[in-house]
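1 is the number of the first residue of the sequence shown in the working numbering; add one for each residue after it.
Where is the CB? At the ideal position from N, CA and C, for every residue including glycine.
Owing to the predicted nature of the structure, the values given are computational and were not obtained by experimental measurement.
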Amino acid sequence: PNRLKGADFENLERLMQAGWRHQRMPTDGVTSAVRLSPHAPHRGAYCLEMEVKREKEIQTEGMVPLMIATSPVWITSAPVRVRAGERVEISGMVRVPEPILGTVDGLQIFDSLGGKSLALRFQQTPSWKPFRIVRTATADTDLRVTFALTGLGTAQLDDVAIRSVDR
Numbered sequence: 001p002n003r004l005k006g007a008d009f010e011n012l013e014r015l016m017q018a019g020w021r022h023q024r025m026p027t028d029g030v031t032s033a034v035r036l037s038p039h040a041p042h043r044g045a046y047c048l049e050m051e052v053k054r055e056k057e058i059q060t061e062g063m064v065p066l067m068i069a070t071s072p073v074w075i076t077s078a079p080v081r082v083r084a085g086e087r088v089e090i091s092g093m094v095r096v097p098e099p100i101l102g103t104v105d106g107l108q109i110f111d112s113l114g115g116k117s118l119a120l121r122f123q124q125t126p127s128w129k130p131f132r133i134v135r136t137a138t139a140d141t142d143l144r145v146t147f148a149l150t151g152l153g154t155a156q157l158d159d160v161a162i163r164s165v166d167r
């Protein structure tokens, strides 16, 4: 069974109650948004959609920097308690309809066990694509998954799960 609460992205109140967090880094020339979107979810009525775009007045002038230095927006999952030696699978579906601009990292997906250096990176995937991460906990801890949109564009997530995996 899926141990991650709210990861079907069907109910905003359930996500907030479970402990999902939305964070923004103010970045000159861009705005960001996160929403539950009814636009082409993988399953159900909604998916999680992250968007970073140029501010209107900057867009007209064409003055947005070529590279964005820091992720303007990211979502961190609710915590899932794992035990030392436990193997877990983090999986889900991702869709990045157009190339992410201003970054080499695109959408990053990483977890608190493996860290950012072991992130999955998606620049573009026009149709829904599965992702999978397998980790073994080295200590009793809370596992969280982070989804960071590192440039200009849109990314969608759906059906995210954390499950125990038999050895």
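Nearest residue (CA-CA) to residue i, options the options
| i | options | result |
| --- | --- | --- |
| G114 | F122, V134, L107, Q123 | V134 |
| K129 | P97, V30, A33, L143 | P97 |
| T70 | Q23, F9, V165 | Q23 |
| S37 | F147, V165, Y46, P26 | Y46 |
| T136 | V165, I100, D8, G29 | V165 |
| E13 | V30, I100, R35, R3 | R35 |
| V82 | D142, M25, L157 | D142 |
Host alpha helix (DSSP H) of residue i (start-end)
| i | result |
| --- | --- |
| E49 | From DSSP, E49 is part of no alpha helix (DSSP H) but of the beta strand (DSSP E) over 47-54. |
| M16 | 12-18 |
First through last residue of the beta strand (DSSP E) which encompasses residue i
| i | result |
| --- | --- |
| Q123 | It is not in any beta strand (DSSP E) - Q123 carries neither H nor E in the DSSP assignment. |
| H22 | 21-24 |
| E89 | 87-96 |
| F110 | 107-111 |
| P40 | Sequence inspection shows Ala at residue 40; the Pro mentioned does not correspond to that position. Note, A40: premise wrong, no beta strand (DSSP E); not H, not E. |
Residues that DSSP places opposite residue i in a beta bridge
| i | result |
| --- | --- |
| L101 | L152 |
| W74 | Q23, A148 |
| F131 | G92 |
| T141 | V82 |
| L157 | L48, V94 |
Exposure label - residue i; buried when at least 16 CB within 10 Å
| i | result |
| --- | --- |
| Q108 | buried |
| G85 | exposed |
| W74 | buried |
| D111 | buried |
| D8 | buried |
| M16 | exposed |
- Query: Taking one C-beta from the segment 151-167 and one from the segment 84-103 each time, how about it: are there three or more such pairs within less than 8 Å?
  - Reply: Taking a contact to require three or more Cβ pairs closer than 8 Å, the segment 151-167 and the segment 84-103 qualify as touching.
- Message: When you compare the segment 116-127 with the segment 44-51, are there three or more beta-carbon pairs, one atom per stretch, that lie closer than 8 Å?
- Response: The segment 116-127 makes no contact with the segment 44-51, as fewer than three CB pairs between them are under 8 Å.
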